Amino acid sequence: MNRSYFARSVHEVAHDLIGCRLAVGPTAGIVVEAEAYEASDPACHAYIGKTTRNEVLFGPPGYAYVYLSYGIHSLLNFVTEPEGTASAVLVRALEPTDGIDLMRERRGQERLEALCSGPGKLAEALGVDLSLNRADLFQPPFELDEPTGEWAGVEVVTGPRIGITKAAELPWRYSAARNRFVSRPWPGLTTTV
DNA sequence: GCCAGGATCGTCT
DNA sequence: GACGATCCTGGCG
Numbered sequence: 075m076n077r078s079y080f081a082r083s084v085h086e087v088a089h090d091l092i093g094c095r096l097a098v099g100p101t102a103g104i105v106v107e108a109e110a111y112e113a114s115d116p117a118c119h120a121y122i123g124k125t126t127r128n129e130v131l132f133g134p135p136g137y138a139y140v141y142l143s144y145g146i147h148s149l150l151n152f153v154t155e156p157e158g159t160a161s162a163v164l165v166r167a168l169e170p171t172d173g174i175d176l177m178r179e180r181r182g183q184e185r186l187e188a189l190c191s192g193p194g195k196l197a198e199a200l201g202v203d204l205s206l207n208r209a210d211l212f213q214p215p216f217e218l219d220e221p222t223g224e225w226a227g228v229e230v231v232t233g234p235r236i237g238i239t240k241a242a243e244l245p246w247r248y249s250a251a252r253n254r255f256v257s258r259p260w261p262g263l264t265t266t267v
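Sequence positions in the first sequence follow this note's numbering and run 75 to 267.
This is how it looks when you write it as structure tokens:
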């Protein structure tokens with residue numbers, strides 16, 4: 075994987091990230107849920123124009139956008155599309171694979187399903203905080219790899235995004251089908267390939 | 001199992 | 001001064 079992977083449509087990237095392996099330091103997991111936020115989208119932080127906080131969204135792709143939600147949780151995004159076009163993929167859930175004991179320690183939770191099944195949870199489990207805002211996804215501590223083995227060609231389903239009030243009806247949430255680590259299961263999903 | 005409530009702070013008006 | 005791209009706990013059935 076290289077930087078041009080992120081220079082595509084935010085929707086393509088969000089879809090294709092499902093099944094990819096994301097490592098941050100000694101912890102890692104498979105991406106099983108992600109959401110797309112594009113510049114023309116009222117729910118996107120870039121919608122209001124460039125500010126100090128969202129500046130990285132307007133820059134080149136393949137960088138991390140991390141911000142604080144509800145004053146408590148750090149949320150991890152990947153900047154997509156060419157420089158000048160502001161969009162990002164929110165990483166919403168992982169299936170844990172590496173450093174699981176460390177994740178348990180950081181999260182204060184034992185259940186495997188409770189470690190990375192939500193954007194705030196996975197950031198805490200991976201040790202992602204505001205200091206990683208603007209970090210290059212192609213440099214340590216990040217490591218990203220395309221799907222291998224059973225994850226190659228995994229079935230992806232789409233549905234409405236979660237936890238937003240603006241443009242909540244757009245089906246820009248992507249997740250692995252039949253996966254118990256997604257942040258929230260739902261009935262009647264549309265299946266894509 | 002479901003729901004209500006509270007924690008907590010950077011960012012923007 | 002208000003508002004979140006959230007999470008956990010406790011109460012109730």
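Don't be surprised by glycine CBs; every beta carbon is placed ideally from N, CA and C.
These numbers come from a predicted model, not from an experiment.
So, under 8 angstroms CB-CB, residue i and residue j are touching, yes? Tell me the CB distance rounded to an integer number of Å.
i    : j    : result
S78  : C118 : 22 angstroms between Cβ atoms; not a contact.
R180 : A199 : 6 angstroms
L218 : L131 : About 19 angstroms separates the two Cβ atoms, so there is no contact after all.
L196 : A167 : 6 angstroms
L91  : A138 : With 8 angstroms as the limit, L91 and A138 do not qualify as a contact, their Cβ atoms being about 13 angstroms apart.
Checking the sheet assignment: what are the DSSP bridge partners for residue i?
i    : result
V163 : A110 and F152
V87  : Its beta-bridge partners do not exist; DSSP assigns none.
L244 : BP columns for L244 are empty, so no partner.
Does DSSP classify residue i as helix, strand or coil?
i    : result
H147 : strand
Y79  : helix
D203 : coil
V256 : coil
A188 : helix
Distance, Cα to Cα, residue i vs residue j?
i    : j    : result
N253 : G99  : 24 angstroms
D228 : W246 : According to the sequence as given, residue 228 is Val; it is not Asp. Rounded to whole angstroms, V228 to W246 spans 18 angstroms at the Cα level.
A171 : S257 : Going by the sequence as given, residue 171 is Thr instead of Ala. Cα to Cα, T171 sits roughly 17 angstroms from S257.
R235 : E109 : 7 angstroms
A188 : G103 : 13 angstroms
T154 : D203 : 20 angstroms
V165 : G123 : 22 angstroms
R178 : F255 : 15 angstroms
Taking 7 angstroms as the cut-off, is the beta-carbon of residue i closer than that to any non-hydrogen atom of the ligand HEM?
i   : result
V98 : The ligand HEM is not part of the structure shown, which contains no ligands of any sort.
What residue range does the beta strand (DSSP E) around residue i cover?
i    : result
G233 : V230 to G233
For the alpha helix (DSSP H) holding residue i, just list the boundary residues, first then last.
i    : result
L176 : I174 to R181
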